[in-house]
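My numbering numbers the first residue of the sequence shown as 363 and each following residue consecutively. Notes for the one structure printed next.
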Amino acid sequence: MTSFLKYKLSIIVIILVSVNVSCQTTRHGTDSKIKKEKYKKKKIRLPEIDLSNWKVTIPEGTGKGGAISVEPPEILDYATNKTLKPYMYNDSTKGALTFYAYPTSATTANTKYSRSELREQMVPGDDNTNWTFKQGGSLKAKLAVDEVSRDENGKYHKVIILQIHGRLTNEQRDLIGQKDNNAPPVLKIYWQNGKVRVKTKKLKYPGVNSIGILHEEAWTDDEGFNFEEEVGFRKFQVEVKVSDGKMVVSLNKTEFAVYDDFNMKRWGIFENYFKAGNYFQSRDEGSFAKVSFYELEVNH
Numbered sequence: 363m364t365s366f367l368k369y370k371l372s373i374i375v376i377i378l379v380s381v382n383v384s385c386q387t388t389r390h391g392t393d394s395k396i397k398k399e400k401y402k403k404k405k406i407r408l409p410e411i412d413l414s415n416w417k418v419t420i421p422e423g424t425g426k427g428g429a430i431s432v433e434p435p436e437i438l439d440y441a442t443n444k445t446l447k448p449y450m451y452n453d454s455t456k457g458a459l460t461f462y463a464y465p466t467s468a469t470t471a472n473t474k475y476s477r478s479e480l481r482e483q484m485v486p487g488d489d490n491t492n493w494t495f496k497q498g499g500s501l502k503a504k505l506a507v508d509e510v511s512r513d514e515n516g517k518y519h520k521v522i523i524l525q526i527h528g529r530l531t532n533e534q535r536d537l538i539g540q541k542d543n544n545a546p547p548v549l550k551i552y553w554q555n556g557k558v559r560v561k562t563k564k565l566k567y568p569g570v571n572s573i574g575i576l577h578e579e580a581w582t583d584d585e586g587f588n589f590e591e592e593v594g595f596r597k598f599q600v601e602v603k604v605s606d607g608k609m610v611v612s613l614n615k616t617e618f619a620v621y622d623d624f625n626m627k628r629w630g631i632f633e634n635y636f637k638a639g640n641y642f643q644s645r646d647e648g649s650f651a652k653v654s655f656y657e658l659e660v661n662h
């Protein structure tokens with residue numbers, strides 16, 4: 363083989379190797395770019411929670427009964443609402459809606475505790491349309507308690523994460539001469555020291571009449587029920603199903619608390635609405651809690 367032919371073959375080999383390397387580099391660069399783009403897309407996640415039928419109350423405002431509430435449609439713009447943003451905001455790394463609360467002077471009328479909590483409105487912007495046990499309802503929530511402060515004994519402060527609150531009709535309110543429509547909460551679901559705890563109401567005197575039963579004083583708390591699983595700061599799922607004379611609460615679809623005695627049957631006299639969020643149960647200086655909801659769905 364002549365020197366000239368050897369030279370030409372060398373040139374061809376070099377060109378082929380260069381093209382192959384170039385193609386591999388281009389493919390590798392393209393693959394890396396696609397992977398980076400996918401990674402970036404995965405990093406930004408927003409919660410898929412419909413707030414069309416919820417209003418929120420936050421620890422902002424003036425004095426007892428002066429806590430600020432925001433209803434639909436304004437609540438739908440919570441992500442850009444300067445008043446709400448410190449207490450209700452998207453965590454786009456988790457894909458969650460986070461509620462932050464700490465003790466302030468701004469509370470609702472019937473409590474000493476502050477909250478960043480949603481209140482169901484069956485008709486957006488209207489507190490007067492609610493549901494009864496006979497009509498039924500269900501709530502499903504996936505959430506996690508992200509952070510909670512501790513008391514002086516080292517125990518975590520309690521947080522109410524879900525509720526069913528009772529409500530008097532206008533006629534019932536006038537019948538007993540009460541100034542507002544407030545009735546007791548028939549269900550409170552707590553996060554307490556890493557476990558989920560359920561409390562409901564029972565009658566002090568089972569034979570109380572149909573007028574006496576409307577008074578808050580006719581009811582008292584039951585002894586409460588703790589689910590066995592320790593959820594800690596992990597995600598967990600709670601479902602609440604209500605029907606005529608019966609209430610069932612489940613944790614992660616594996617543990618169930620069933621209430622179907624005469625107390626639930628007599629509770630049917632009240633209207634009700636669901637609540638969800640961060641109803642913080644402490645007035646300690648420097649205390650706080652953060653609760654994140656990944657899913658929240660209500661049906662009737």
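We put the beta carbon where it would ideally sit given N, CA and C, even for glycine.
Check: Got a sec: is the Cβ-Cβ distance from Val602 to anything in chain E below 9 Å?
Finding: This model lacks chain E altogether; it includes just one protein chain.
Check: Is Val481 near Lys603, with beta carbons less than 9 Å apart?
Finding: In the sequence shown, residue 481 corresponds to position 119, counting from 1. In the sequence shown, residue 603 corresponds to position 241, counting from 1. It is Arg, not Val, that sits at residue 481 in the sequence shown. With contacts defined as CB atoms closer than 9 Å, Arg481 and Lys603 fail to qualify as a contacting pair.
Check: From what residue to what residue does the beta strand (DSSP E) around Ile430 run?
Finding: Taking the first residue of the sequence shown as 1, we reach residue 430 at position 68. The continuous beta strand (DSSP E) containing Ile430 extends over residues Ala429 to Val432.
Margin query: If you measure between the beta carbons of Arg628 and Gly586, is that distance less than 9 Å?
Written below: The residue you call residue 628 lines up with position 266 of the sequence shown. The residue you call residue 586 lines up with position 224 of the sequence shown. Here Arg628 is not near Gly586, since their CB atoms are 9 Å or more apart.
Margin query: Taking only three categories from DSSP, how would you classify Ala471?
Written below: As a position in the sequence shown, residue 471 is number 109, starting the count at 1. DSSP places Ala471 outside both helix and strand once states are collapsed to three, so it counts as coil.
Checklist line | Those residues which DSSP pairs with Thr562 across a bridge | finding: Residue 562 sits at position 200 when you count from the first residue of the sequence shown. Per DSSP, the beta bridge partners of Thr562 are Leu549.
Next item on the list: Kindly give me the distance between the Cβ atoms of Leu565 and Ile538, rounded to whole angstroms, as I take these residues to be in contact under 8 Å.
Entry: By 1-based counting over the sequence shown, the position of residue 565 is 203. By 1-based counting over the sequence shown, the position of residue 538 is 176. Leu565 to Ile538, Cβ: 16 Å. No contact.
Next item on the list: Look at the Cβ atom of Arg529, then the Cβ atom of Asn543, and state whether they are nearer than 9 Å.
Entry: Counting from 1 along the sequence shown, the entry for residue 529 is found at position 167. Counting from 1 along the sequence shown, the entry for residue 543 is found at position 181. Their beta carbons are under 9 Å apart, which means Arg529 touches Asn543 by this criterion.
Note to self: Taking the straight line between their C-alpha atoms, what separation do you get for Asn640 and Lys444?
What the structure shows: As a position in the sequence shown, residue 640 is number 278, starting the count at 1. As a position in the sequence shown, residue 444 is number 82, starting the count at 1. The alpha-carbon atoms of Asn640 and Lys444 are separated by roughly 19 Å.
Item checked: Rounded Cβ spacing between Lys426 and Ala463 (contact assumed at less than 8 Å) -> If you number the sequence shown from 1, residue 426 lands on position 64. If you number the sequence shown from 1, residue 463 lands on position 101. Taking a contact as a CB-CB distance under 8 Å, the pair Lys426 and Ala463 does not count as one, their CB atoms being some 16 Å apart.
Checklist line | Collapsed DSSP secondary structure at Lys637 in the structure displayed | finding: Sequence index remark: in the sequence shown, residue 637 carries index 275 (1-based). In the three-state scheme derived from DSSP, where H, G and I count as helix and E and B as strand, Lys637 is classed as strand.
Notebook entry, point to check: Closest by CA to Ser511, which one among Glu590, Ala651, Leu658 and Phe655?
Noted result: As a working mapping, residue 511 is identified with position 149 in the sequence shown. Out of Glu590, Ala651, Leu658 and Phe655, Ala651 has the C-alpha closest to the C-alpha of Ser511.
Check: Can you name the start and end residues of the beta strand (DSSP E) that Phe624 belongs to?
Finding: On the sequence shown, residue 624 is found 262 positions in, with the first residue counted as 1. Phe624 -> not in any beta strand (DSSP E); alpha helix (DSSP H) instead, spanning Phe624 to Trp629.
Check: Out of curiosity, what's the CA-to-CA distance linking Ser654 and Thr460?
Finding: Position 292 of the sequence shown, counted from the start, is the residue given in the question as residue 654. Position 98 of the sequence shown, counted from the start, is the residue given in the question as residue 460. Each residue's Cα considered, the two are about 4 Å apart.
Checklist line | Glu659 versus Pro409: straight-line alpha-carbon distance, rounded | finding: Numbered from 1 along the sequence shown, position 297 holds the residue referred to as residue 659. Numbered from 1 along the sequence shown, position 47 holds the residue referred to as residue 409. Take the alpha-carbon of Glu659 and the one of Pro409: they are about 12 Å apart.
Notebook entry, point to check: Would Glu579 be called buried (16 or more neighbouring beta carbons within 10 Å of its own) or exposed?
Noted result: Taking the sequence shown and counting its residues from 1, the one referred to as residue 579 is at position 217. Exposed is the label assigned to Glu579, since fewer than 16 other Cβ atoms lie within 10 Å of its Cβ.
Notebook entry, point to check: Taking the C-alpha atoms as reference points, what is the distance between Asn452 and Ile406?
Noted result: Mapped onto the sequence shown, residue 452 falls at position 90. Mapped onto the sequence shown, residue 406 falls at position 44. Whole-angstrom Cα-Cα distance: 10 Å.
Check: From Gly594 to Pro568, what does the alpha carbon distance come to, in whole angstroms?
Finding: Sequence index remark: in the sequence shown, residue 594 carries index 232 (1-based). Sequence index remark: in the sequence shown, residue 568 carries index 206 (1-based). Their Cα atoms are separated by approximately 37 Å.
Next item on the list: Return the CA-CA distance between Lys456 and Phe624, expressed in angstroms with no decimal places.
Entry: As a position in the sequence shown, residue 456 is number 94, starting the count at 1. As a position in the sequence shown, residue 624 is number 262, starting the count at 1. Looking at the backbone, the Cα of Lys456 and that of Phe624 are separated by about 42 Å.
Next item on the list: Check whether the region 408-424 touches the region 435-450, taking contact to mean three or more Cβ pairs, one atom from each stretch, closer than 8 Å.
Entry: A contact exists between the region 408-424 and the region 435-450.
Checklist line | N-terminal and C-terminal residue of the alpha helix (DSSP H) that Leu459 is part of | finding: Here residue 459 refers to the residue found at position 97 when the sequence shown is read from its first residue. In this chain, Leu459 is not harboured by any alpha helix (DSSP H); it is covered by the beta strand (DSSP E) spanning Ala458 to Ala463.
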